[in-house]
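Report on one structure; see the data block that follows.
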Amino acid sequence: RLHREPVAEIGNSHAYTHAWSDIALKPGEDLLAGLTGELFDIRAEVALNDASAVGFKIRGEDVRYDVAEKQLTFLERSGPLAPQDSTIRLHILVDRISIEAFGNDGALSMTSYFLPELDNADIGIYAEGGTATLVSLKVHELKSAWV
131 RLHREPVAEI
141 GNSHAYTHAW
151 SDIALKPGED
161 LLAGLTGELF
171 DIRAEVALND
181 ASAVGFKIRG
191 EDVRYDVAEK
201 QLTFLERSGP
211 LAPQDSTIRL
221 HILVDRISIE
231 AFGNDGALSM
241 TSYFLPELDN
251 ADIGIYAEGG
261 TATLVSLKVH
271 ELKSAWV
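Sequential numbering of the sequence shown, starting at 131, is according to the working numbering.
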């Protein structure tokens, strides 16, 4: 089966890494509150538990996984993503005007352009309907490719 994933060299652009593991993600809580920026490499492994949805809020846009629908949705695009052992893996690349999302090691890949709110550089994470577990979450702030 064909898969699409970011090149490994993206790791050469990591400026700073925030990392968590085995953290309960409850509705109304945002582990990433206060984190801002334009360029990110986000890697998450999420045990869905009893959550109905989990997602990231990126500069005002949602990257949302609906558990019942088994769909990843962002910027008016959706794609199928079946959990593996009640867990999903997401790899999200955020650029100034684009978001690329990869699910379950490239089994799903979607790219979309957006015009972010200029005064909103916030990112966040959320669960809906119940608690999920962040098995692993790494948020890499990226260096700009433009010098």
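Backbone N, C-alpha and C define an ideal beta-carbon position, used for all residues, glycine too.
Is the Cβ-Cβ distance between Thr261 and Ala154 less than 8 angstroms?
Yes, the Cβ-Cβ distance between Thr261 and Ala154 is below 8 angstroms.
Please determine, among Gly259, Ser274, Leu169, Lys273, the residue with the shortest C-alpha to C-alpha distance to Leu178.
The option with the nearest alpha carbon to Leu178 is Gly259.
Buried or exposed: which applies to Asp171, given that a residue is buried once 16 or more other Cβ atoms fall within 10 Å of its Cβ?
Looking at its Cβ environment, which holds 16 or more other Cβ atoms inside 10 Å, Asp171 is buried.
Quick one: what does DSSP say Ser216 is sitting in, helix, strand or coil?
Ser216 falls in the coil class under three-state DSSP.
Leu220 and Ala181: beta carbons closer than 8 angstroms?
No. Outside cutoff.
Kindly indicate if chain C contains any beta-carbon less than 8 angstroms away from that of Gly158.
The structure shown has no chain C; it contains just one protein chain.
Any idea what DSSP makes of Ser182, helix, strand or coil?
If DSSP states are grouped into helix, strand and coil, Ser182 belongs with coil.
Between which residues of its own chain and Gln214 is the CB-CB distance below 8 angstroms, once the five residues before and five after are set aside?
Asn234, listed in sequence order.
Cβ atoms of Glu135 and Gly236: under 8 angstroms apart, would you say?
Yes.
With distance defined between alpha-carbon atoms, name the residue in Leu264, Ala212, Ile218 nearest to Lys200.
The shortest C-alpha separation from Lys200 is found at Ala212.
Measuring straight from C-alpha to C-alpha, what distance separates Ile229 and Tyr243?
Whole-angstrom Cα-Cα distance: 6 angstroms.
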